[in-house]
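According to our numbering, the sequence shown is numbered sequentially starting from -15. From the three backbone atoms N, C-alpha and C, an ideal C-beta is built for every residue, glycine too.
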Amino acid sequence: MLVEVSSVVVANAHNPSILNHDWLLANKVLPELPGGWEFAELPFTTPPLSSIQYQNNLRLVLDPSRLAITAQTLGGNVVADPDGVVSQLATSYVSILKHIPYVAVGSNFKAYVECTNAPRRLVQTFGGTGHWTDGLASLSIKLNHGVRDCERHLDVSSSTAQKSEENESKTVNVVLMSANYHRKTPDKDIALRAIGETSADLEDFMRFATDFGMEIDV
-15 MLVEVSSVVV ANAHNPSILN HDWLLANKVL PELPGGWEFA ELPFTTPPLS SIQYQNNLRL
45 VLDPSRLAIT AQTLGGNVVA DPDGVVSQLA TSYVSILKHI PYVAVGSNFK AYVECTNAPR
105 RLVQTFGGTG HWTDGLASLS IKLNHGVRDC ERHLDVSSST AQKSEENESK TVNVVLMSAN
165 YHRKTPDKDI ALRAIGETSA DLEDFMRFAT DFGMEIDV
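What follows is the structure in C-alpha coordinates.
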(Lines of atoms letter the chains of each structure in order from A and count residues from 1; the text may use other names and numbers.)
(Lines give C-alpha, C1' and ligand atoms only; values in the text may rest on other atoms or scores of the structure.)
Protein backbone atom coordinates (compact mmCIF):
# COMPACT_ATOMS: atom_id res chain seq x y z
CA MET A 1 0.00 0.00 0.00
CA LEU A 2 1.29 3.46 -0.93
CA VAL A 3 1.40 5.37 2.37
CA GLU A 4 3.39 8.52 1.60
CA VAL A 5 4.18 10.76 -1.38
CA SER A 6 6.32 13.86 -1.15
CA SER A 7 7.97 16.44 -3.36
CA VAL A 8 11.04 18.30 -2.11
CA VAL A 9 12.22 21.43 -3.91
CA VAL A 10 15.74 22.48 -2.90
CA ALA A 11 16.86 26.08 -3.45
CA ASN A 12 19.42 28.58 -2.21
CA ALA A 13 16.97 31.27 -1.14
CA HIS A 14 13.47 30.14 -0.19
CA ASN A 15 11.55 32.72 1.87
CA PRO A 16 9.61 30.88 4.62
CA SER A 17 7.81 34.07 5.70
CA ILE A 18 5.60 34.00 2.59
CA LEU A 19 4.14 30.54 3.24
CA ASN A 20 0.70 30.91 4.78
CA HIS A 21 -2.80 29.74 3.91
CA ASP A 22 -3.96 33.13 2.60
CA TRP A 23 -0.96 33.37 0.26
CA LEU A 24 -1.65 29.86 -1.07
CA LEU A 25 -5.28 30.79 -1.75
CA ALA A 26 -4.54 34.21 -3.26
CA ASN A 27 -2.03 32.72 -5.69
CA LYS A 28 -4.27 29.72 -6.48
CA VAL A 29 -1.64 27.25 -5.33
CA LEU A 30 -4.27 25.11 -3.60
CA PRO A 31 -6.51 23.23 -6.05
CA GLU A 32 -10.20 22.89 -5.32
CA LEU A 33 -10.98 19.71 -3.40
CA PRO A 34 -14.41 18.31 -2.37
CA GLY A 35 -13.43 18.38 1.30
CA GLY A 36 -11.84 21.82 1.15
CA TRP A 37 -8.72 22.81 3.05
CA GLU A 38 -9.19 22.67 6.81
CA PHE A 39 -6.32 22.91 9.26
CA ALA A 40 -5.35 19.81 11.23
CA GLU A 41 -3.25 21.92 13.58
CA LEU A 42 -2.41 25.58 14.05
CA PRO A 43 -0.10 26.70 11.22
CA PHE A 44 2.86 28.97 11.83
CA THR A 45 4.86 31.32 9.63
CA THR A 46 8.27 32.64 10.68
CA PRO A 47 11.39 33.86 8.82
CA PRO A 48 13.36 30.62 9.47
CA LEU A 49 10.55 28.07 9.17
CA SER A 50 6.88 27.81 8.19
CA SER A 51 4.52 24.83 8.39
CA ILE A 52 0.91 24.12 7.42
CA GLN A 53 -0.84 20.80 8.14
CA TYR A 54 -4.27 20.13 6.59
CA GLN A 55 -6.90 17.60 7.64
CA ASN A 56 -6.41 15.65 4.41
CA ASN A 57 -2.95 14.67 5.78
CA LEU A 58 -1.11 17.04 3.47
CA ARG A 59 1.67 19.12 4.99
CA LEU A 60 3.81 21.95 3.61
CA VAL A 61 7.07 22.82 5.37
CA LEU A 62 9.36 25.58 4.11
CA ASP A 63 12.80 26.64 5.32
CA PRO A 64 15.43 28.71 3.46
CA SER A 65 16.89 25.65 1.71
CA ARG A 66 13.91 23.43 0.92
CA LEU A 67 10.18 23.16 0.41
CA ALA A 68 8.73 19.79 1.42
CA ILE A 69 5.17 18.90 0.40
CA THR A 70 4.06 15.59 1.90
CA ALA A 71 0.84 13.59 1.65
CA GLN A 72 0.25 10.60 3.91
CA THR A 73 -2.48 7.97 3.86
CA LEU A 74 -5.66 8.78 5.75
CA GLY A 75 -5.74 5.21 6.99
CA GLY A 76 -7.84 2.20 6.07
CA ASN A 77 -7.38 1.32 2.41
CA VAL A 78 -6.97 4.93 1.26
CA VAL A 79 -3.63 5.38 -0.49
CA ALA A 80 -1.59 8.56 -0.17
CA ASP A 81 -2.24 11.42 -2.61
CA PRO A 82 -4.70 9.62 -4.94
CA ASP A 83 -5.32 12.82 -6.94
CA GLY A 84 -1.69 13.85 -7.42
CA VAL A 85 -2.07 17.03 -5.37
CA VAL A 86 1.55 17.00 -4.17
CA SER A 87 3.04 17.59 -7.62
CA GLN A 88 0.31 20.14 -8.42
CA LEU A 89 1.28 22.23 -5.40
CA ALA A 90 5.00 21.99 -6.17
CA THR A 91 4.39 23.02 -9.79
CA SER A 92 2.30 26.03 -8.77
CA TYR A 93 4.88 27.17 -6.21
CA VAL A 94 7.80 27.03 -8.65
CA SER A 95 5.76 28.64 -11.44
CA ILE A 96 4.87 31.60 -9.21
CA LEU A 97 8.30 32.11 -7.63
CA LYS A 98 10.34 32.14 -10.82
CA HIS A 99 13.24 34.18 -9.43
CA ILE A 100 14.38 31.66 -6.80
CA PRO A 101 17.67 29.86 -7.61
CA TYR A 102 16.47 26.26 -7.63
CA VAL A 103 19.03 23.52 -7.05
CA ALA A 104 17.30 20.12 -7.04
CA VAL A 105 13.95 18.33 -6.95
CA GLY A 106 13.21 15.05 -5.23
CA SER A 107 10.18 12.80 -5.69
CA ASN A 108 9.74 10.47 -2.73
CA PHE A 109 7.51 7.47 -2.05
CA LYS A 110 6.88 5.04 0.79
CA ALA A 111 4.91 1.81 0.53
CA TYR A 112 4.56 -1.43 2.41
CA VAL A 113 3.11 -4.92 2.17
CA GLU A 114 2.01 -6.98 5.15
CA CYS A 115 4.29 -9.89 6.01
CA THR A 116 3.87 -12.13 9.04
CA ASN A 117 7.62 -12.44 9.61
CA ALA A 118 9.06 -9.55 7.63
CA PRO A 119 12.61 -9.63 9.09
CA ARG A 120 13.01 -13.35 8.38
CA ARG A 121 11.60 -13.03 4.87
CA LEU A 122 14.21 -10.44 3.95
CA VAL A 123 17.01 -12.56 5.42
CA GLN A 124 15.87 -15.71 3.60
CA THR A 125 15.23 -13.96 0.29
CA PHE A 126 18.22 -11.64 0.05
CA GLY A 127 20.73 -12.79 2.67
CA GLY A 128 22.18 -15.54 0.53
CA THR A 129 23.61 -18.73 1.98
CA GLY A 130 26.66 -18.70 4.20
CA HIS A 131 27.92 -18.34 7.73
CA TRP A 132 27.04 -14.61 7.69
CA THR A 133 23.36 -15.52 8.02
CA ASP A 134 23.90 -17.52 11.22
CA GLY A 135 21.90 -15.73 13.89
CA LEU A 136 21.04 -12.91 11.47
CA ALA A 137 17.73 -11.54 12.77
CA SER A 138 17.10 -8.75 10.27
CA LEU A 139 18.31 -7.34 6.98
CA SER A 140 18.03 -3.91 5.35
CA ILE A 141 18.78 -3.25 1.70
CA LYS A 142 19.95 -0.04 0.01
CA LEU A 143 19.97 0.20 -3.77
CA ASN A 144 21.20 3.15 -5.84
CA HIS A 145 20.64 3.34 -9.60
CA GLY A 146 20.88 5.83 -12.40
CA VAL A 147 17.50 5.68 -14.17
CA ARG A 148 16.27 7.93 -16.95
CA ASP A 149 17.55 11.40 -16.02
CA CYS A 150 17.83 10.98 -12.25
CA GLU A 151 19.40 9.14 -9.34
CA ARG A 152 17.10 6.55 -7.72
CA HIS A 153 17.76 5.62 -4.11
CA LEU A 154 15.76 2.74 -2.62
CA ASP A 155 15.62 1.35 0.90
CA VAL A 156 13.93 -1.93 1.86
CA SER A 157 13.53 -2.98 5.48
CA SER A 158 11.19 -4.67 7.94
CA SER A 159 8.92 -2.49 10.04
CA THR A 160 5.47 -2.28 11.62
CA ALA A 161 2.35 -0.34 10.66
CA GLN A 162 -1.03 0.46 12.13
CA LYS A 163 -3.96 -1.19 10.33
CA SER A 164 -7.61 -0.30 10.91
CA GLU A 165 -10.20 -3.08 10.79
CA GLU A 166 -13.81 -2.79 11.96
CA ASN A 167 -13.12 0.45 13.85
CA GLU A 168 -10.14 -1.11 15.59
CA SER A 169 -6.46 -0.47 15.06
CA LYS A 170 -3.82 -3.16 15.26
CA THR A 171 -0.09 -3.37 14.66
CA VAL A 172 1.04 -5.52 11.74
CA ASN A 173 4.48 -6.55 10.48
CA VAL A 174 5.39 -5.17 7.07
CA VAL A 175 8.13 -4.99 4.48
CA LEU A 176 8.70 -1.27 3.92
CA MET A 177 10.12 0.20 0.72
CA SER A 178 11.02 3.87 0.32
CA ALA A 179 12.41 5.64 -2.73
CA ASN A 180 13.94 8.99 -3.61
CA TYR A 181 14.22 10.18 -7.22
CA HIS A 182 16.76 13.01 -7.21
CA ARG A 183 17.30 15.48 -10.06
CA LYS A 184 19.60 18.50 -10.21
CA THR A 185 17.71 21.57 -11.42
CA PRO A 186 19.89 24.60 -12.22
CA ASP A 187 16.91 26.73 -13.26
CA LYS A 188 13.15 27.09 -12.93
CA ASP A 189 12.23 25.36 -16.19
CA ILE A 190 14.31 22.27 -15.37
CA ALA A 191 12.76 22.23 -11.88
CA LEU A 192 9.28 22.24 -13.41
CA ARG A 193 10.21 19.39 -15.76
CA ALA A 194 11.57 17.42 -12.80
CA ILE A 195 8.32 17.88 -10.86
CA GLY A 196 6.45 16.81 -13.98
CA GLU A 197 8.21 13.43 -13.77
CA THR A 198 6.44 12.55 -10.49
CA SER A 199 3.86 10.27 -12.13
CA ALA A 200 6.53 8.48 -14.17
CA ASP A 201 8.64 8.12 -11.03
CA LEU A 202 5.71 6.57 -9.17
CA GLU A 203 5.14 4.11 -12.03
CA ASP A 204 8.82 3.18 -11.94
CA PHE A 205 8.66 2.72 -8.16
CA MET A 206 5.61 0.46 -8.37
CA ARG A 207 7.15 -1.57 -11.21
CA PHE A 208 10.37 -2.02 -9.26
CA ALA A 209 8.42 -3.01 -6.14
CA THR A 210 6.52 -5.64 -8.14
CA ASP A 211 9.76 -7.04 -9.58
CA PHE A 212 11.09 -7.08 -6.03
CA GLY A 213 8.18 -9.25 -4.95
CA MET A 214 5.97 -6.54 -3.44
CA GLU A 215 2.44 -6.14 -4.82
CA ILE A 216 1.45 -2.63 -3.74
CA ASP A 217 -1.99 -1.03 -4.00
CA VAL A 218 -2.19 2.45 -5.52
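Under the three-pair Cβ rule at 8 Å, the stretch 84 to 94 counts as touching the stretch 175 to 184. The continuous beta strand (DSSP E) containing Phe93 extends over residues Tyr86 to Glu98.
According to the DSSP assignment, Gln37 belongs to the beta strand (DSSP E) that extends over Ser34 to Gln37.
Judged by beta-carbon spacing, Leu26 lies beyond the 8 Å limit of Asn41, meaning their Cβ atoms are not closer than that value.
Residues Gln56, Ala64 and Lys94 of the same chain have their beta carbon placed closer than 6 Å to that of Glu(-12), with the five preceding and five following residues left out of the count. Taking the Cα positions, His115 is about 13 Å away from Val107. Nearest C-alpha to Pro103 among Arg50, Asn128, Leu160 and His137: Leu160.
For the pair Asn157 and Pro0, the Cα-to-Cα distance works out to about 38 Å. For His(-2), there is no enclosing beta strand (DSSP E), since its DSSP letter is neither H nor E. Around the beta-carbon of Ile36, 16 or more other beta-carbon atoms lie within 10 Å, marking it buried. In this structure, Leu51 sits near His(-2), with a CB-CB distance shorter than 8 Å. In this structure, Tyr96 sits near Met(-15), with a CB-CB distance shorter than 8 Å.
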